[in-house]
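In the numbering used here, the protein residues as written are 0 to 289.
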């Protein structure tokens, strides 16, 4: 890590030109349609989303499919882990079954299924996708090879980027697959700025890096003493110092998660975020017009 003090990094922020961040539809816009489905992606794009965030797991036959929870019963009329069914078997479950209780489940029995990543890439050949790897039990190497195979087959390596809270999944990806920096690295840089007012960046700053984290992130701080340790709650928040630090290395792209209110969106604009991840592109579209 390279140490850069915040006082120096202000120079970078002062010349930064504020522009509107790109809108990334979280799970295809989970507040507007059944998440991680074809209809969600279509809805998000119609609401002017610039890119789509999708959650991917590996099926029993090692096919990347779009689904987030650990069990089918959370969102569908099925039950069991994704990894216990083949991709063909997963397609039988109704992915819109539990969406929209207040609206009397408008997507039930409408043919909304769990799609494969390959199908989605063919249906949306020009769309930018951010792929969040969530398999709770996948072998990182097998998953990485399966993902790279699909992306290469459909010439999608340049329009996709991979994220995961599991750093082993990122480390196992083939070199030609674009990825975010690990969540741990991003959080640690932000924590050093927020709590220690010190900017510590990775080596090789000439490499383009992508960072993603919540605008406000609750964490637990552990302080160690001679006679034990103390734990306390804290919140890591992006501010101008943080943006200056991350950009001080150059070639940094910053995506802020959890932007679902006008207040948070306007703060992301002021900070100069490259993109924001939102649950409802339909809602954010109104903020952008204003």
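No residue lacks a Cβ here, since even glycine has one placed at the ideal position from N, Cα and C. Since the model is a prediction, treat every value here as computed from it, not as a measurement.
Check	Outcome
Taking 6 angstroms as the limit between beta carbons, can you name the residues of its chain near residue 179, skipping five residues before and five after?	162, 209 and 211
Kindly identify the DSSP beta-bridge partner or partners of residue 131.	54 and 162
Give the secondary structure of residue 74 by DSSP, where H, G and I count as helix, E and B as strand, and everything else as coil.	coil
Which ranges does the alpha helix (DSSP H) cover as unbroken runs of at least 4 residues, wholly within the stretch 225-265, from first to last along the chain?	239-247
Name, in chain order, the residues that DSSP records as bridge partners for residue 23.	50 and 276
Got a sec, what are the start and stop residues for the beta strand (DSSP E) residue 213 sits in?	208-213
Just checking, does the stretch 77-86 make contact with the stretch 150-160 on the three C-beta pairs under 8 angstroms criterion?	no
Compute the Euclidean distance between the alpha carbons of residue 253 and residue 65, then round it to the nearest angstrom.	24 angstroms
Buried or exposed: where does residue 234 fall if 16 or more other Cβ atoms within 10 Å of its Cβ makes it buried?	exposed
In whole angstroms, what separates the C-alpha of residue 99 from that of residue 50?	24 angstroms
Across which residues does DSSP place residue 64 in a beta bridge pair?	56 and 115
Can you say whether residue 124 is buried or exposed, counting buried as having 16 or more other CB atoms within 10 angstroms of its CB?	exposed
Please report the residue range of the beta strand (DSSP E) in which residue 197 lies.	197-200
With residue 97 as the anchor, note down where its alpha helix (DSSP H) starts and where it stops.	Note, residue 97: premise wrong, no alpha helix (DSSP H); not H, not E.
Going by other Cβ atoms of all chains shown within 10 Å of its Cβ, with 16 needed for buried, is residue 196 buried or exposed?	exposed
Looking only at C-alpha atoms, which of 189, 147, 139 and 115 sits nearest to residue 165?	139
Quick one: Cα of residue 188 to Cα of residue 201, how far?	9 angstroms
Round the Cβ separation of residue 115 and residue 62 to the nearest angstrom and send it over; I've been treating them as touching at under 8 angstroms.	6 angstroms
Could you check which residue in 270, 269 and 26 has the C-alpha nearest to that of residue 53?	26
Can you grab the Cα-Cα spacing for the pair residue 272 / residue 37, in whole Å?	27 angstroms
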